[in-house]
Each structure stands twice: as C-alpha cells, then as structure tokens.
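Just below is one structure, and these are the notes that go with it.
In the working numbering, the protein residues as written are 4 to 256.
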C-alpha cells in the first residue's frame, strides 16, 4: 500500500526504527512460542495457559508504564483467568514443552503490547497504530524469513507437499486465508490497544480464548460438559466485574 501510494508513507527516523526493533523481536518470538505450544499440546491447554496474559500485563504495565492497579482490579482478573481455565480443564493435556512455550508467549506478547503502548504515548516518537503495526510486521518478516527458509522452506514446496499426500492448492489457499485473517486480527488488536490500557486489552484477549474454545467445540462437535459451560460463564462475569471496577477508579488529570 505504501508502494502504490494507497496509504501515506511514513517518515521514520533512525531513533524510531531503533525503538521499534525490540517490538518486532518480541512480536516474532510471541508468535513462534504460541505455535510451538500449539504443536505440543491441545489448543484448549495452550489457550488456558495464555489466559494468564492479564497478570503479565499488570506486572509489565507497573514496571514500564507506572500503572499500579488497585487490589480490586487485580482481584477482578482472577475469575477471568479461572473461568477460562475451568472451561478448558476437561481437555487440557499437560506437557512441559507446551506449557513453557505458552508461558513464554505470554511474556513476549504482553511485553510487545506494553512497549507499544509506551511508544504510542511518547510524543517525540509517537505514530499512528496502523503505521506502527505495519513496521513491526515488516521487521518481523525480515527477522523470521531466514530462519523459516533454512528450517522449514523445503517442507512448503509443491513437490514435498505432494509426496506427503496433501492437496497443494488446498494447503496454499488455506494458508493464505489464515494469514489474512491473522493479520486482520493483529491489526484490529493494535487499533484497540491505542485506545485502551494494556490490561484492558489483555482482558479482551481472555474473552477471545473463550470464543476460540467454544468455536472449536462447535466446529469439531466436541461434547460440552457442565464444567465447560460454567467456566465460560465465570470468565464473562469476570470481564463484566473488571469493567465495573475500572469505572469506579478515580480519573487522573
């Protein structure tokens, strides 16, 4: 879009690029760790562990943004994480590699969000969310492309896919659709991040995990136990509680 002048081309300084590079690095690591976890354990277990994102967000926001949450705010996060964990407890399969990868993705993704928020509010280096996310994505591609081609490149060639008994066109089309959907999700996520705090953003991600679990149950026609339904209800109640608690916080001038 920049090349065809469909979107205003940003004017970046060396200082801004240096500030964005760490964001691109943790963004890359966050996606890598998430996919590593998904490759080792069940989707439900990965999303159960990743439901702990708000706790990482609270900790990192206090460290880097000076946002110290009240005991009520911290307490309101407990039913969200607990509800998501309860909703997926019946299909969780523990594996140390998958567990540690999911925990690492929590740390890296929330570091990216908090540091991005810090960059957004820094008047000297501030830029709009679309530009920031676009630059992070380009840098992330440049970081991951060499490693991807070296380790996995041959596995995505038509010859290799055909030898594995896969439909080449189907694999490529589904990969393209998945990529477009994932990029759209990430871009919308950044648009939201510019308007809310990292903690609120991570709470919304917790709700997303409930949606992922429920969608997978519907798509794969997995039987739903009362515990799953109860966990979903607790998580949604926790989100409502959090929204009420944050409204009660005094506004700073």
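For each residue, glycine too, the CB sits at the ideal point set by N, CA and C.
- Residues 132 and 136 of the same chain have their beta carbon placed closer than 6 Å to that of residue 193, with the five preceding and five following residues left out of the count.
- In the same chain as residue 50, and ignoring 5 residues on each side of it, the C-beta atoms closer than 8 Å to its own belong to 87, 91, 212, 215 and 216, in chain order.
- Residue environment: residue 111 is assigned as buried (16 or more neighbouring CB atoms within 10 Å of its CB, all protein chains considered).
- A contact between stretches requires three or more CB pairs, one per stretch, nearer than 8 Å, and the segment 159-168 fails this requirement with the segment 42-56.
- Sequence-distant partners of residue 58 (beyond 5 residues in either direction) whose C-beta falls short of 6 Å from its own C-beta are missing from its chain.
- Going by beta carbons, residue 25 and residue 118 fall inside the 8 Å limit.
- Of the candidates 9, 89 and 67, 89 places its Cα closest to the Cα of residue 229.
- The beta carbon of residue 143 lies closer than 7 Å to those of 27, 30 and 31 in the same chain, with the five residues before and after it left out.
- The three-state reading of DSSP puts residue 211 in helix, counting H, G and I together.
- Scanning 75, 82, 130 and 114 for the CA closest to the CA of residue 241 turns up 82.
- For a cut-off of 8 Å, the C-beta gap from residue 85 to residue 44 is around 20 Å, too long to register as a contact.
- Shown here, residue 168 sits in coil according to DSSP, grouped into three states, outside any helix or strand.
- Listed in chain order, the non-local C-beta contacts of residue 65 below 6 Å within the same chain comprise 71, local neighbours out to five positions each way being set aside.
- With fewer than 16 other beta carbons inside 10 angstroms of its own, residue 177 counts as exposed.
- When DSSP states are grouped into helix, strand and coil, residue 66 belongs to the helix group.
- Measuring C-alpha to C-alpha distances from residue 9 to each of 182, 227 and 134 identifies 134 as the nearest.
- The C-beta separation of residue 36 from residue 108 comes to about 4 Å, placing the pair in contact by the 8 Å criterion.
- In the DSSP assignment, residue 137 falls within the unbroken alpha helix (DSSP H) covering 132-154.
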